[in-house]
Each structure stands twice: as C-alpha cells, then as structure tokens.
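Structure first, commentary second.
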Amino acid sequence: MTAGSELKPVLVFDSGIGGLTVLREARVLMPERGFIYVADDAGFPYGGWEEAALKDRIITLFARLLRDHDPEVCVIACNTAFTLVGADLRAAFPHMTFVGTVPAIKPAAERTRSGLVSVLATPGTVKRAYTRDLIESFAQKCHVRLVGSENLARMAEAYIRGEPVSDEAVLAEIGQCFIEKEGSRKTDIVVLACTHYPFMANVFRRLAPWPVDWIDPAEAIARQARRKVPLVEGAEHPDAFDFSIFTSGNPDFSTRRLMQGFGLAIG
C-alpha cells in the first residue's frame, strides 16, 4: 500500500472548533494521513444537554459518519463527549478504534510540587463520574479543585474567530483555579480539560495571579492516535481528505475563514 488515496482518513470530532488544537498536533505526527474534522456546532455547547439526549445524539451522528467516511480511527477531541459516551461508542461500533480525551489529572498529579491542582473544564466534565474516578485513581495525595466554567468554551470560540473577549470576563471564569493554603502553598498546575481552552492559553498566562503550568492534552492525544494508526512507508498525503463537516450545515464566514487557515475545505 503506497498510494495516498488508499489510506483511510483520521476523523477528529469535537462539539465545536476546540478540537483544532488536537488536529494541529495530529497532523505533525501523521503527515501521510488525510483528516476529516467534524464539528457538532448544531449541538454546541454540550454543557446544557441532558445526558441521555446527548448520548443518543452523538451515537446517531457517528453511525452516519462511520458509514459515510469509513475512517481509520476516530479521535474524540472533547472531554465532555468522551467522558459521557466513550464507552457507549466503543460498544456500539466495536470495529472502530476510538481515541478519547480525558482530563490530564494523572500527569498533573505526577508533576505538581505544591500538591494543589486545578482542573478547568466544562460543567459536564466536572460532574462526570469518570472525572472523579481519575482523581481517585491518580491524585489521592493532591488537593484537586474542579472548576466548571459555563462560558469559557463559547468565549474561546469567539476568541479564535478574532472577536473581542474582555479580560474581566476571562478572569471571572479562571479565577477559582488559583488557591493558597497554609500561607506558602499555591496552585501550581491547571489542567485544561476542554480542547477549546488552549487557544486562550496566552491570555490565561497573562491574567493569572501567579505563574502556573497549564497542561494542554492535545499532544498526548495525538501521540495516542499515532500509536493506533498504521504507519505506511512511502505513502503520499491524500488530496481527497482534509475537509471539515459542520452539523449545522452553515458555518459563518469567520469560521469558514478559520477552516481555510487550517487547510480544511468545508465538506
């Protein structure tokens, strides 16, 4: 197998455009593969959905995506989606490999010096039992604060499209991540548990009351996807892929321009 057209694409899925942070890293590691980026913008944001309804929506959507595009692997670049429906997707589509996104609590617990870690996430990820289990399994010796932001994913979408976002609004969302204990111990790691958030990492660093390590999971997700995708020597990048699908069917002009900037046609 040497012709690029014979290689199956990698499908990257997110509720919006946050998964582009993962796509960017995955392309570096899998240059021979084509990519299909799927944004469920008609369902965005996922935080306000009832769990059963959201599960049904995502499974129904993937039934169509897998039938129409037959990808090599599916990367669920959304903490909220994967912590809710990852097991259900694997059960519903056992022939497909799913690479998930979960809060990077284990590496945060391994790297913290103060023992104070915050997880900046969506409300859906914060309330998920999956997240609590990660803390129980890997961070028992740490104080982990879960911060569920109602508005930050929307703000990140606006920010990456070039729309203005006020410092005050951002600080109101991230401020609870920073805690002090016993006078000298301070939060030293913040886990970015939503793929939208790394787009605003420079803003977070500027507004933070003290320096912390912001953990972006995108590279680790891409590495895991690379491990699951066969490396085909001599394969050429296929021209048929590298497009995006929006479930609304009608992304706005700024989103279209953003996709073009990432080298993605609108499918």
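Counting with my numbering, you get residues 13 to 279 for the letters of the sequence shown. Glycine is no exception: its CB is placed at the ideal position from the N, C-alpha and C atoms.
Nearest C-alpha to Phe258 among Tyr142, Tyr49, Glu37: Tyr49.
Nearest to Ile172 by C-alpha distance, out of Met271, Phe105, Gly46, Arg45, is Met271. With fewer than 16 neighbouring CB atoms inside 10 Å of its own CB, His107 falls in the exposed class. For secondary structure counted as the beta strand (DSSP E) over 3 or more consecutive residues, the stretch 153-237 holds these complete runs in sequence order: 155-160, 201-204, 225-227. Uninterrupted alpha helix (DSSP H) stretches at least 4 residues long and entirely within the stretch 65-152 occur at 91-104, 117-123, 135-139, 141-150, given in chain order. Within the same chain, and ignoring the five residues on either side of Leu19 in sequence, the residues whose Cβ sits closer than 8 Å to its Cβ are Met13, Glu44, Arg45, Gly46, Glu84, Val244, Ala247, Pro250. In the DSSP annotation of this structure, the continuous segment of the beta strand (DSSP E) that includes Ser256 starts and ends at 255-258. Excluding residues up to 5 positions away in sequence, Val97, Asp100, Leu101, Ala104 lie with their Cβ nearer than 8 Å to the Cβ of Ile71 in the same chain. Under the three-state reduction of DSSP, Leu23 is assigned to strand.
Thr109 is positioned such that its CB atom lies closer than 8 Å to that of Lys240. Within the stretch 32-67, complete alpha helix (DSSP H) segments of at least 4 residues are found at 32-41, given in chain order. Counted as a single uninterrupted DSSP element, the alpha helix (DSSP H) harbouring Phe265 occupies residues 265-273. In the DSSP assignment, Ala277 is bridged to Phe255. The beta carbon of Asn163 is closer than 7 Å to those of Glu185 in its chain, skipping five residues each way along the sequence.
Looking at the backbone, the Cα of Phe216 and that of Ser260 are separated by about 30 Å.
In the displayed model, Glu248 falls within coil according to three-state DSSP, outside both helix and strand. Taking a C-beta distance under 8 Å as the contact criterion, Leu132 and Ala205 qualify as a contact pair. Taking every protein chain shown into account, the CB of Gly174 has fewer than 16 other CB atoms within 10 angstroms, so this residue is exposed. Here the stretch 135-149 makes no contact with the stretch 207-225; the two share fewer than three CB pairs at distances below 8 Å. Thr207 and Phe274 have their alpha carbons spaced roughly 16 Å apart. Between Asp53 and Pro263, the gap from beta carbon to beta carbon is short of 8 Å. With a 10 Å radius around the Cβ and a threshold of 16 neighbouring Cβ atoms, Asp26 comes out buried. Ranked by how close their Cα comes to the Cα of Leu77, the residues Ser178, Pro21, Ser126, Arg36 have Pro21 in first place. At the C-beta level, Ala151 and Ala116 stay beyond 8 Å of one another. Listed in chain order, the non-local C-beta contacts of Tyr142 below 6 Å within the same chain comprise Thr95, local neighbours out to five positions each way being set aside. With a beta-carbon spacing of about 5 Å, Val87 and Val111 fall inside the 8 Å limit used to define contacts. Short of 8 Å from the beta carbon of Lys67, and not among the five residues preceding or following it, lie these beta carbons of its own chain, in chain order: Leu96, Val97, Asp100.
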